[in-house]
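Trainee: If you're matching positions, the sequence shown starts at 124 in the numbering used here and goes up one per residue.
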Amino acid sequence: MKGKKILIAGIGDLLRSDDGFGPRVVSKLENMNLPKNVVVKDYGTSGLDLIFDLGDFDEVIFVDAIDFEGNVGEIKVIEPKPRKIAENEVVKTINFSLHEIDLEKIIELASSLNILPKRVMIIGCKPKDLSLGLKLSEEVERAIGRTIEIILEKIREG
Numbered sequence: 124m125k126g127k128k129i130l131i132a133g134i135g136d137l138l139r140s141d142d143g144f145g146p147r148v149v150s151k152l153e154n155m156n157l158p159k160n161v162v163v164k165d166y167g168t169s170g171l172d173l174i175f176d177l178g179d180f181d182e183v184i185f186v187d188a189i190d191f192e193g194n195v196g197e198i199k200v201i202e203p204k205p206r207k208i209a210e211n212e213v214v215k216t217i218n219f220s221l222h223e224i225d226l227e228k229i230i231e232l233a234s235s236l237n238i239l240p241k242r243v244m245i246i247g248c249k250p251k252d253l254s255l256g257l258k259l260s261e262e263v264e265r266a267i268g269r270t271i272e273i274i275l276e277k278i279r280e281g
């Protein structure tokens, strides 16, 4: 991935327990010595900021708490196949934040606007608790280290 501009985007709400997984991972990455072509940013729940930044990158790795079949704290790497959405759906989608719509819709919108990077990856952790709270569950907290290892592997892979 040398030379390619890579965005590592933390997604989630720090005030909703395990939903803060993405921002917590990128917070740790911000303190690491990463290659100059890698940008790490916490987007929280602000969808439009994220969408408009995507056009500046060749690759994006989203880090988020996502629900899937599996065990709490399990990590899943997904390379989505984005579809474009109809123009009237684009207008509706722009009126929401990431808190109100899912990451899949953000990816579809970016694809429809022709600003989605060539390579898109989601590294997700299965949450246990999404209620109001500032702490991650133990299982999700333990997943942070392995998630960082996966991200570093993906950066090196090229």
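Virtual Cβ for every residue (Gly too), placed ideally from N, Cα, C.
Specify, as a first and last residue, the run of the alpha helix (DSSP H) that Lys228 falls within.
Mentor: Start and end: Leu226 to Ser235.
Trainee: Spatial neighbours of Ile245 within its chain, please: C-beta separation below 6 Å, excluding the five flanking residues on both sides.
Mentor: Same-chain partners within the cutoff: Phe185 and Ile201.
Trainee: Over the uninterrupted beta strand (DSSP E) stretch that includes Leu130, give me the two end residues.
Mentor: Ile129 to Ile134 is the span of the beta strand (DSSP E), which, as asked, contains Leu130.
Trainee: In this structure, how does DSSP classify Arg139 when only helix, strand and coil are distinguished?
Mentor: It is a strand residue.
Trainee: Leaving out five residues on either side along the sequence, give the residues of the same chain with a beta carbon under 6 Å from the beta carbon of Gly178.
Mentor: Only Ile238 meet the Cβ criterion.
Trainee: Measuring CA to CA, which of Ile131, Glu280, Asp187 and Asp142 is closest to Met155?
Mentor: Looking at the Cα atoms, Ile131 is the closest of the given residues.
Trainee: Ordered along the chain, which non-local residues of its own chain (more than five positions away) have a Cβ less than 7 Å from that of Ile230?
Mentor: Counting only Cβ-Cβ distances below 7 Å, and skipping sequence neighbours, we find Pro203, Pro205, Leu239 and Val243.
Trainee: Do you know offhand how far Glu272's Cα is from Glu264's?
Mentor: Taking the straight line joining both Cα atoms gives about 14 Å.
Trainee: Got a sec, what are the start and stop residues for the alpha helix (DSSP H) Ala188 sits in?
Mentor: Premise fails: Ala188 lies in the beta strand (DSSP E), Glu182 to Ala188, not in any alpha helix (DSSP H).
Trainee: Is DSSP giving Lys366 helix, strand or coil here?
Mentor: What is shown of the chain runs 124 to 281, which leaves residue 366 out entirely.
Trainee: Label Leu173 either buried or exposed according to how many other C-beta atoms from any shown protein chain fall within 10 Å of its C-beta, with 16 as the threshold for buried.
Mentor: When all chains shown are included, Leu173 counts as buried.
Trainee: What residue from Ile274, Ser260 and Lys277 has the CA that sits closest to Asn194's CA?
Mentor: It is Ser260.
Trainee: Nearest to Tyr166 by CA position, among Glu212, Val149 and Thr270, is which residue?
Mentor: Considering only alpha carbons, the answer is Val149.
Trainee: Grab me the residues of Thr270's own chain with a C-beta within less than 7 Å of its C-beta, minus the 5 sequence neighbours each way, in chain order.
Mentor: Closer than 7 Å at the Cβ level, and outside the excluded window around Thr270, lie Val148, Val186, Ile198, Ile246 and Cys248.
Trainee: Grab the span of the beta strand (DSSP E) containing Val195 for me, first residue to last.
Mentor: Neither: Val195 is in no beta strand (DSSP E) and is coded neither H nor E.
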